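This report concerns only the one structure given below.
Number of protein chains: 2
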Amino acid sequence: MAADVPTLVEQAREGRPRAVARLISLVEGASPQLREVMAALAPLCGNAYVVGLTGSPGVGKSTSTSALVGAYRRAGRRVGILAVDPSSPFSGGALLGDRVRMGEHASDPGVYIRSMATRGHLGGLAWAAPQAVRVLDAAGCDIVLVETVGVGQSEVEIAAQADTSVVLLAPGMGDGIQAAKAGILEIGDVYVVNKADREGADATVRELNHMLGLGEARSPGDWRPPIVKTVAARGEGVDEVVEALEKHRAWMEERGVLAERRSRRAAHEIETIAVTALRERMGELRGGQRLDALAERVVGGSLDPYAAADELVAGVAGAAAGQARGVQD
Amino acid sequence: MAADVPTLVEQAREGRPRAVARLISLVEGASPQLREVMAALAPLCGNAYVVGLTGSPGVGKSTSTSALVGAYRRAGRRVGILAVDPSSPFSGGALLGDRVRMGEHASDPGVYIRSMATRGHLGGLAWAAPQAVRVLDAAGCDIVLVETVGVGQSEVEIAAQADTSVVLLAPGMGDGIQAAKAGILEIGDVYVVNKADREGADATVRELNHMLGLGEARSPGDWRPPIVKTVAARGEGVDEVVEALEKHRAWMEERGVLAERRSRRAAHEIETIAVTALRERMGELRGGQRLDALAERVVGGSLDPYAAADELVAGVAGAAAGQARGVQD
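Going down the list, the protein sequences come from chains A and B. Going from the first sequence to my numbering is simple: count from 1 and add 309. Going from the second sequence to my numbering is simple: count from 1 and add 309.
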C-alpha cells in the first residue's frame with residue numbers, strides 16, 4: 310500500500326517515531342515513493358548537525374555513542390542515531406548481529422535510533438545513509454550521530470561525510486596500523502582514545518600524535534584535531550568530547566568551512582545517486598543482453614574492454630536521450 | 310615521449326621484462342596510449358590462468374605466493390605476480406612499505422613481479438588491476454597470481470575476479486571473524502590454513518569448516534572448497550595447494566564454469582571502465598560548475614538530491630550524445 314507521504318512527514322515533524330521509522334524504510338528500501346519523500350523533505354533539511362563516529366571493532370563505539378547521546382540529551386538536544394552495519398559485499402546479508410541496543414535511550418522520545426545494513430547492490434550504503442540522515446534532520450533532530458565500523462573503505466567514507474568526524478581508538482589493540490590501513494586516521498576532526506584507564510593509553514595518544522603530525526605543515530589558521538581521552542563506560546571525558554565537537558563546529562562556522570563542507574557533501578550525494586542510476590541503466594542494458602554480448606567479444610579477443618565500455622556508455626547515453634525525448638513528445 | 314606500442318607488445322611477447330613493465334605502467338597510469346595498448350593486447354589474451362590470493366595481514370601471503378611461484382616454476386610454467394597494495398582512500402598514497410620482495414624469484418626470467426598501489430581516484434584498483442593482468446597474460450604468463458590484502462571490499466573484490474580464488478588464514482589470529490567481516494569467506498574456491506605447525510591450526514580448520522558449511526545445501530555436482538594446511542615458509546603443503554588449484558580448474562572446465570566466469574569477469578571489467586568514464590564526464594561537468602550549482606540548491610533546500618541527480622545524468626547523457634553527433638558530422 311502506498312504511504313501518505315505528506316501525512317508521514319507532518320507526523321515526523323511532530324516527533325512521532327513510527328512516522329520517522331516509516332520514512333527511513335521508504336528511503337532505504339528505494340521504494341517507488343522515494344522521490345516523493347525526498348522532495349517533501351528537501352525544504353525541511355539543514356538544521357541537524359551531523360557527527361560521524363568510526364573506529365575498529367572493540368574500541369567501544371556503542372558505549373561512546375550512548376554516552377554522547379546522554380550528554381546531548383542533558384543539554385536538551387534531540388538526537389538521531391544511524392548505526393551502520395558493515396556486511397559482506399557478496400552475500401548482501403548483515404554479518405554482525407550484535408548491534409547497539411542503546412538500552413538506556415531506547416524509551417527516550419528525544420532520541421531516534423536506526424540500524425542500517427548494507428543493501429545488496431554496490432554503493433548501497435553510500436547511497437542510502439545520507440537519505441536516512443535527511444529524514445532524521447527533517448524530523449527535527451539537532452544532532453545526528455552516524456556510527457560506522459571503520460573496517461572498509463565505504464564505511465570510512467560514510468563517516469567522512471559528516472559535519473564533524475570523530476575517530477575512536479583504544480589502547481593496546483595494535484590499533485594504529487589497522488586504523489591507518491582503513492584510512493580512518495585521515496578523516497578525524499576529533500580523535501578519542503577510549504578505555505583510557507587501560508595500560509598503554511598514553512602510548513596510544515603519543516603514537517596518534519606522531520602519526521597525525523607526520524608530514525603536515527599546518528598553517529596557523531588550520532584546525533588541529535584534538536585527542537581526547539575517555540572512559541565512556543563510566544562517562545569520563547565525554548563532556549570534553551562534546552566540547553571538542555562544539556569547538557570544531559564554531560571554528561568551521563567562523564571560516565565558512567561548514568557551508569563549504571555541506572556543499573561538498575551534497576555534491577558527493579548527488580554524484581552517488583547519479584552513478585547508481587547510470588549503473589542501473591547498464592543493468593537494464595545487460596538484461597537486454599548488450600553487456601553479455603560485449604563480454605563474449607572481449608573474452609574471444611575480438612574487442613578490448615575499453616572499446617566495449619565505449620559501446621556500453623553510448624548505449625546508456627542513447628537510452629537517456631531517448632527517455633528525455635519520450636518525455637518531451 | 311609516446312611509446313612505440315607495437316614494438317613494446319612484440320618485445321613483451323618475446324619475454325623482455327622491461328617491455329612488460331613499460332606496458333603495465335602505460336595501462337595503470339591511464340596514459341593517452343592506454344587504448345592503443347589495450348587494443349593491441351586483446352587478441353593475445355586468454356592463455357593465462359588467473360589465481361586470486363587474499364587474506365588478512367600476517368597470514369603469510371608473501372611467503373605463500375613465493376612458495377606457489379616456486380612450485381609452478383618447477384613445473385616449467387611462466388608466472389606473473391600482481392601484488393596489490395591497499396592504500397588510504399583519502400591520501401592516495403600507499404601506506405604499506407613492506408611489500409613482497411620475492412627475493413628468490415627476482416632474477417628468474419620466467420617470473421614477472423609487479424606491485425600496484427591504489428590510484429588516487431575512486432574505483433582505481435578495480436579498474437587498473439585487470440588491465441595489468443591482461444598485460445601479463447599477453448606477455449605469455451601461464452599463471453597470473455593476484456595477491457591482495459583482504460581488508461577492504463575493493464581488495465576482496467579484486468581477488469574474487471579470478472579464475473580461482475585462494476583465501477589464506479592462519480591459526481590463533483581471531484581470524485575467522487575478521488575474515489567474515491571482510492567478506493573473504495564467501496569468495497574462496499580453495500582455503501589455505503598457513504602456519505599449520507602453530508597451535509590452534511586444527512581449531513581454525515574446524516571453525517572454517519563450520520563457517521563454510523553453514524546454511525549451504527550443496528548439490529552433488531557443486532564444488533566443495535577444500536581446506537589445505539601449509540607451512541609455506543618450509544614449503545610444506547604447497548604441492549597440495551597446486552593440486553587443489555588444478556582440480557578446481559579441471560572441475561570448472563568440465564562444466565563450462567570457467568568460460569562463464571570469464572564472461573562475467575569481462576562484463577564486470579567493461580562495466581567498471583564505463584562507470585569510470587561516466588564519472589569522469591561528471592567531473593568535467595563539475596569543472597563546468599554544473600554539479601556545484603546543483604549542490605548549492607540542495608543545501609539551500611530548493612532541490613532534493615534525486616532531482617539534482619536527474620539533472621546531472623541528463624547533462625552527462627546530453628554530452629555523450631553531443632559527442633556522438635560530433636563524430637558523425
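Glycine included, every Cβ here is placed at the ideal spot set by N, Cα and C. Quick caveat: nothing in here was measured; it's all calculated off a predicted structure.
Coil, strand or helix - residue i by DSSP
i	result
residue 611 (chain A)	coil
residue 582 (chain B)	helix
residue 606 (chain B)	helix
residue 472 (chain B)	coil
residue 571 (chain B)	helix
residue 397 (chain A)	Caution is warranted here: a pLDDT of 31 is assigned to residue 397 (chain A), below 50, making its placement in the model unreliable, and the coordinate value is therefore given only provisionally. Three-state result, residue 397 (chain A): coil.
residue 423 (chain A)	strand
For residue j and residue i, the rounded distance between their alpha carbons
i	j	result
residue 564 (chain A)	residue 452 (chain A)	21 Å
residue 474 (chain B)	residue 610 (chain A)	23 Å
residue 336 (chain B)	residue 391 (chain A)	41 Å
residue 356 (chain B)	residue 557 (chain A)	56 Å
residue 504 (chain A)	residue 545 (chain A)	10 Å
residue 408 (chain A)	residue 514 (chain B)	Its pLDDT being 35, under 50, residue 408 (chain A) is placed unreliably in this model, and the coordinates cannot settle the point.
residue 601 (chain B)	residue 331 (chain A)	31 Å
residue 584 (chain A)	residue 481 (chain A)	41 Å
residue 466 (chain A)	residue 368 (chain A)	19 Å
residue 577 (chain B)	residue 617 (chain A)	11 Å
residue 440 (chain B)	residue 379 (chain A)	52 Å
residue 311 (chain B)	residue 334 (chain A)	54 Å
residue 338 (chain A)	residue 327 (chain A)	16 Å
residue 656 (chain B)	residue 479 (chain A)	Here chain B covers residues 310 to 638 and nothing more, so residue 656 (chain B) does not appear.
residue 313 (chain A)	residue 425 (chain A)	23 Å
residue 351 (chain B)	residue 437 (chain B)	15 Å
residue 381 (chain B)	residue 582 (chain A)	46 Å
residue 449 (chain A)	residue 329 (chain A)	10 Å
residue 551 (chain A)	residue 361 (chain A)	13 Å
residue 549 (chain B)	residue 519 (chain A)	45 Å
residue 574 (chain B)	residue 445 (chain A)	40 Å
residue 511 (chain A)	residue 517 (chain A)	10 Å
residue 358 (chain A)	residue 472 (chain A)	7 Å
Span of the beta strand (DSSP E) around residue i
i	result
residue 552 (chain B)	It is not in any beta strand (DSSP E) - residue 552 (chain B) instead sits in the alpha helix (DSSP H) that spans 547 to 564.
residue 334 (chain A)	Per DSSP, residue 334 (chain A) belongs to no beta strand (DSSP E); it is in the alpha helix (DSSP H), 326 to 337.
residue 456 (chain B)	452 to 458
residue 537 (chain A)	536 to 538
Endpoints, the alpha helix (DSSP H) within which residue i is located
i	result
residue 513 (chain A)	510 to 522
residue 322 (chain A)	314 to 322
Chain-ordered chain A contacts of residue i [CB-CB under 7 Å]
i	result
residue 362 (chain B)	Neighbours of residue 362 (chain B) on chain A: none; closest Cβ ~17 Å, over 7 Å.
residue 344 (chain B)	615
Partner residues on chain B for residue i, Cβ-Cβ distance less than 7 Å
i	result
residue 586 (chain A)	618, 622
residue 591 (chain A)	580, 583
residue 347 (chain A)	613, 614, 615
Closer than 8 Å at the beta carbon, the chain B residues around residue i
i	result
residue 572 (chain A)	601, 604, 605, 608
residue 350 (chain A)	613
residue 576 (chain A)	595, 600, 601, 603, 604
Chain-ordered neighbours of residue i on chain A, where CB pairs are closer than 9 Å
i	result
residue 355 (chain B)	608, 609, 610
Any chain C beta carbon closer than 9 Å to residue i
i	result
residue 505 (chain A)	In the structure shown, chain C cannot be found, because the protein chains are A and B.
Whole runs of the alpha helix (DSSP H) within the segment 347 to 391 of chain B, excluding any shorter than 4 residues: 370 to 383
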